[in-house]
Amino acid sequence: MKKTLRSFWRWILLLAMAAGAVTLWRSDRWLFEWPAEKSQHYFEGVGHRLAKHHGLAFLMTFDEAHPVEWIARGTVLYPGTTRVPGRLGFARQFDGKARTMLETTAIWPALGSNYTLSLWVKVEPACHDQEIWYTFIQGRYTGFKLQNGQMMFFVPGSAESPAAHYPFTAYGKFVHLAGVVDAAQGTAQLYENGTLKATVPFADVSHPTQNIEFGKTRMYAVTAPFCGAIDEAAAWTRSLSSREIHRLAHAHRSLPRALEPFAWFRWRMYAMWQAALPATLNLLTRFNPLLHEGRLATLPTIELRFSSKDARHFRNTHEASLASGRRTDEGAKWRRIYALHASQTAEAHLQLDGSTASYPIAKRPGYILELPPESPIFGARTLRLVPPENLADRLPTLAQAVLATTPTNHAAGPKLCRLLIDGQSKGAYVAIPFAQRGVGPGERTWVADGARNPNDWTALFRGAKHQPDVPTLTAEQLSTGLREARILLAHDLFNPWSPREMAWRFRPWQEADDMPEILPLTSFTILGNNPAPFYIVEDLDLAAVRWAGKKLTWHSSRPNIVDNQGHVTRPAGDVPVDVKLTATLGTGKTRQKQTLAFRVIPQTPRLAAIHLSVAEALSATHRVEFSARFDPAGGGEPQWLQGGQASGGGIKHRGNTSYWRGRRKPFSLRFDTSQSILGAGNSPYLLFLNGYADATKLKNKLAYDFFRACATPDQPRFAPELEWCEVFFNGAYFGIYEMCTRVDENMTGLAPVVPDNPGGAIFKIRPSPHLFQQPEPEAADQIFPSPSRADRRADLTGLLTFTSQSSPDDFKHNIAAHVDLANAIDFLLLLNLAQNVDGRTTNFYLARGDEPAARFFFIPWDYDHTFEKTGRWLSNYLFDRLWQEMPDFSAQTGQRWRELRHGIWSDAALQEWIASMSAHLADYMAWDDAVMEREDLPKYSVRIEQFRQAVLESAHALDERLAIIAPPQAPPAE
Numbered sequence: 018m019k020k021t022l023r024s025f026w027r028w029i030l031l032l033a034m035a036a037g038a039v040t041l042w043r044s045d046r047w048l049f050e051w052p053a054e055k056s057q058h059y060f061e062g063v064g065h066r067l068a069k070h071h072g073l074a075f076l077m078t079f080d081e082a083h084p085v086e087w088i089a090r091g092t093v094l095y096p097g098t099t100r101v102p103g104r105l106g107f108a109r110q111f112d113g114k115a116r117t118m119l120e121t122t123a124i125w126p127a128l129g130s131n132y133t134l135s136l137w138v139k140v141e142p143a144c145h146d147q148e149i150w151y152t153f154i155q156g157r158y159t160g161f162k163l164q165n166g167q168m169m170f171f172v173p174g175s176a177e178s179p180a181a182h183y184p185f186t187a188y189g190k191f192v193h194l195a196g197v198v199d200a201a202q203g204t205a206q207l208y209e210n211g212t213l214k215a216t217v218p219f220a221d222v223s224h225p226t227q228n229i230e231f232g233k234t235r236m237y238a239v240t241a242p243f244c245g246a247i248d249e250a251a252a253w254t255r256s257l258s259s260r261e262i263h264r265l266a267h268a269h270r271s272l273p274r275a276l277e278p279f280a281w282f283r284w285r286m287y288a289m290w291q292a293a294l295p296a297t298l299n300l301l302t303r304f305n306p307l308l309h310e311g312r313l314a315t316l317p318t319i320e321l322r323f324s325s326k327d328a329r330h331f332r333n334t335h336e337a338s339l340a341s342g343r344r345t346d347e348g349a350k351w352r353r354i355y356a357l358h359a360s361q362t363a364e365a366h367l368q369l370d371g372s373t374a375s376y377p378i379a380k381r382p383g384y385i386l387e388l389p390p391e392s393p394i395f396g397a398r399t400l401r402l403v404p405p406e407n408l409a410d411r412l413p414t415l416a417q418a419v420l421a422t423t424p425t426n427h428a429a430g431p432k433l434c435r436l437l438i439d440g441q442s443k444g445a446y447v448a449i450p451f452a453q454r455g456v457g458p459g460e461r462t463w464v465a466d467g468a469r470n471p472n473d474w475t476a477l478f479r480g481a482k483h484q485p486d487v488p489t490l491t492a493e494q495l496s497t498g499l500r501e502a503r504i505l506l507a508h509d510l511f512n513p514w515s516p517r518e519m520a521w522r523f524r525p526w527q528e529a530d531d532m533p534e535i536l537p538l539t540s541f542t543i544l545g546n547n548p549a550p551f552y553i554v555e556d557l558d559l560a561a562v563r564w565a566g567k568k569l570t571w572h573s574s575r576p577n578i579v580d581n582q583g584h585v586t587r588p589a590g591d592v593p594v595d596v597k598l599t600a601t602l603g604t605g606k607t608r609q610k611q612t613l614a615f616r617v618i619p620q621t622p623r624l625a626a627i628h629l630s631v632a633e634a635l636s637a638t639h640r641v642e643f644s645a646r647f648d649p650a651g652g653g654e655p656q657w658l659q660g661g662q663a664s665g666g667g668i669k670h671r672g673n674t675s676y677w678r679g680r681r682k683p684f685s686l687r688f689d690t691s692q693s694i695l696g697a698g699n700s701p702y703l704l705f706l707n708g709y710a711d712a713t714k715l716k717n718k719l720a721y722d723f724f725r726a727c728a729t730p731d732q733p734r735f736a737p738e739l740e741w742c743e744v745f746f747n748g749a750y751f752g753i754y755e756m757c758t759r760v761d762e763n764m765t766g767l768a769p770v771v772p773d774n775p776g777g778a779i780f781k782i783r784p785s786p787h788l789f790q791q792p793e794p795e796a797a798d799q800i801f802p803s804p805s806r807a808d809r810r811a812d813l814t815g816l817l818t819f820t821s822q823s824s825p826d827d828f829k830h831n832i833a834a835h836v837d838l839a840n841a842i843d844f845l846l847l848l849n850l851a852q853n854v855d856g857r858t859t860n861f862y863l864a865r866g867d868e869p870a871a872r873f874f875f876i877p878w879d880y881d882h883t884f885e886k887t888g889r890w891l892s893n894y895l896f897d898r899l900w901q902e903m904p905d906f907s908a909q910t911g912q913r914w915r916e917l918r919h920g921i922w923s924d925a926a927l928q929e930w931i932a933s934m935s936a937h938l939a940d941y942m943a944w945d946d947a948v949m950e951r952e953d954l955p956k957y958s959v960r961i962e963q964f965r966q967a968v969l970e971s972a973h974a975l976d977e978r979l980a981i982i983a984p985p986q987a988p989p990a991e
């Protein structure tokens, strides 16, 4: 009887265990969600305990591939940085370039009036000025900065920001820095390795309303990049004692482990459990005899052949990128390899997939494959090869790739394929056409948006919180594609997802109620091979819209341009034509209509156009990769342009005041190779200005053309070349930009930096009310050469010293050896003709040639807020001295003005210039005004007439003024 009972209960127990195992197996909650929730809960618990029991307001250990902030637990951005060995584990390396920084969502005001900053830092002697953990905004300085070789610790105050400082000598090794602020005592102390180095009194503490950052000046600027590494950085909401500082300086463990060891250990256990469960499920799946890679044999195959050096390069750079949470610069470099597909072998180029700001955390790397024109794969020259696990948050792309794997499907788009490397299978990959950075027209059109307020640091972290992309699959197609993907990927031995995990990941997408039953009809749906709805140059693809069982008809507003079948006849002339296509679905009373707007481009368009494809949000501080199609004015074959991490290229926002004015922000491009798009010379740079203050779009171009026209064969006048260009971001029309060349060595013809170069240089003048009046080293930024290659700021300081401190006699006899006076006169006249008030002491360039005895000369910049009546004679300290201390300078200025007024700056010439330029733009301005929503502005013709009057009035006013202050000189008596 007892044996029977024991046997009974044994069976009951086995059945219960089996039921429990089945329940566990079928439970998403217990297998995937609960471990993730517990891991996150205990991670947050560590931060909560550090804040509650130890007074920490901010903590970063930098041990993670994706850096985290333990207390506020917000997003962290870390473009350009890499993970390296540190003092307490791992540190974050900064390479001394302006594109390298680290940004957090923690804010300075959270520290309060009594606080302590502590960090381990290794400073490389790359530059005497380096922003480490520092912010300057709203007139307040705070944090650590190396300045003129002094380690500074700033205390932000409402009136001033005093700094404790000492000469820093511990370069190239990790040291512990601590800054202690005690509001009760009114003093701040600065420590190095536990030793007090400096003390400074302060009146009050007033933090800037800015986020905490490393390697930056403020949210939108980097002035003095940091070169070195930062290990653990912490901020307390109290003033630590000298004993506590000493313990921090001699610590051997990170703060979470040292202060909360049990909470930290519990979090680590749950984190390992979270990672172990999916891995265990995947391992068990491999023992299923019904699953084998033979099922993948039906997929199209791409094989890559590496040399031993290539294999080592991709292995090492993949590991380094995984460790850093972003693609390293080495990983971005292209390698020449061989690609095989459909019995064809081609020499190709390959790089790791990723960007300077991100890298997928996956065991298998992704690749970007670039093929020669004669050997495309799946009809594409550039492919992005992505392991399916990297598409966890973009499963519709995976479903679309699976649906496109049929041999008869030749449509462009992602396809599931089998990847081999040197004959060895690497499993299933998704091949995505990448000529447009993998972004189709109409997708991610928000990338060019940015902050609207200099204090709005939260704009850095908004990411993709914008309108969603237009669906490319119906609910039925998505469900079918994911079902097929689950079957195929279950046979992939390299896929880290078990069938059970795939079911969990795919279920929310398959059950989503926001997927459409039929695809929405937009102007992007039927684009065909056209780059944008507002740039139609080929037939539309009306056949792309098919709705089973429903009749769809089309009607064109201009059938001679676009007929009802979508065939396009490009108009004559040089101005685009608006066309509306109306789609009618159904018949009778059930009819539904939708009208789509297009713009058809003539064979010889008057304006150039650039179509930018960008996958990541633009930044004002670092570049992101882009591809571009450039259609020149007047027609002709388009140019295909690239800018990527491998060459230091990319696109970024630029500008100061103009950056904050509305959605359309200025930006700059840096190409992988030099291009000749504007002007006679080649340059890797091209700038696009928004001209926010100029409703005519003529002021910059008129000023630059005026100045260049003053040149003689032996005396050039350098100014940017500028033309107008229509800009499109991912197919969205952004209107007319002013496309212009950059002021750099390519414009001025300065020689590269070589040992025997006597020292050509270009400086951009910062806002400086005392310019030329005192030798301010911070009065300008050195543009060329890079200060890290050749620091020539002493040359400019020498000029400023001479202009501010020389005696009248010395100035009169020697100023011509320092400054090109003929150039200075033309610059002064342009300044006053345009009434450029800001341009007296800021926003222009000073340059010096590289020949012996070269002199400084002026280059104009930023004339969009000009030609407004002020009635002032505009000058600065240098021009004042020239006018007062050189008797013939005023006479030369007056004589030069009269020469110009009888020639290229005469009333007739000025009006001809304005008429010609405005006629070039007039027919396009309605589209630009619509983008800018300028309903309050008068018609363009009225704006041009107002501008013409303003230019003539300025010229006539200058005639009268110079007739008085610089009258014509009587000819010498014979």
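Under my numbering, read the sequence shown as residues 18 to 991, first letter to last.
Even for Gly, the Cβ is constructed at its ideal location relative to N, Cα and C.
Here the structure is a predicted model, which means the values were calculated and not measured.
Return the CA-CA distance between residue i and residue j, expressed in angstroms with no decimal places.
i      : j      : result
Thr489 : His628 : 22 Å
Leu437 : Ala356 : 10 Å
Arg381 : Asn547 : 35 Å
Ala123 : Phe219 : 24 Å
Ala728 : Ala736 : 11 Å
Gln790 : Tyr894 : 6 Å
Ser923 : Pro225 : 52 Å
Arg100 : Thr78  : 11 Å
Indicate the three-state DSSP secondary structure (helix, strand or coil) for residue i in the structure shown.
i      : result
Ser958 : helix
His366 : strand
Glu54  : helix
Gly815 : helix
Gln110 : strand
Glu310 : helix
Glu320 : strand
Gln928 : helix
Thr204 : strand
Lys482 : Residue placement at Lys482 is poorly supported in this model, since its pLDDT is 48, which falls under 50; the coordinates still yield a value, given next. Reduced to three states, the DSSP call for Lys482 is coil.
Thr2   : The question about residue 2 has no answer, for the chain in this structure spans 18 to 991.
Lys380 : coil
Gln692 : strand
Glu755 : strand
Applying the criterion that 16 or more other CB atoms from any shown protein chain within 10 Å of the CB defines a buried residue, is residue i buried or exposed?
i      : result
Trp657 : exposed
Leu257 : buried
Asp410 : exposed
Ala481 : Legend: pLDDT at Ala481 = 44, less than 50; position of this residue unreliable, value from coordinates given subsequently. The residue in question, Ala481, is exposed, as its Cβ has fewer than 16 Cβ neighbours within 10 Å.
Ala292 : exposed
Which residue comes first and which comes last in the beta strand (DSSP E) that contains residue i?
i      : result
Lys233 : Run containing Lys233: none; DSSP gives neither H nor E here.
Trp281 : Where Trp281 is concerned, there is no enclosing beta strand (DSSP E), although the alpha helix (DSSP H) it sits in stretches over Pro278 to Thr302.
Pro701 : Ser700 to Leu706
Ile449 : Gln441 to Pro450
Ala180 : Ala180 to Pro184
By the DSSP assignment, the alpha helix (DSSP H) with residue i in it spans what residues?
i      : result
Asp327 : Ser325 to Ser341
Ala266 : Ser259 to Ala266
His830 : Pro825 to His835
Fully enclosed by the segment 484 to 523, which alpha helix (DSSP H) runs are 4 residues long or longer?
-> 492 to 507
Quick one: which unbroken alpha helix (DSSP H) runs of 4-plus residues sit fully inside the segment 651 to 681? Chain order, please.
-> none
Those runs of the beta strand (DSSP E) which lie wholly inside the segment 103 to 172 and span at least 3 residues | 107 to 112, 119 to 124, 132 to 140, 147 to 154, 157 to 164 and 167 to 171
Segments assigned beta strand (DSSP E), at least 3 residues, entirely inside the segment 592 to 628 = 594 to 602 and 609 to 617
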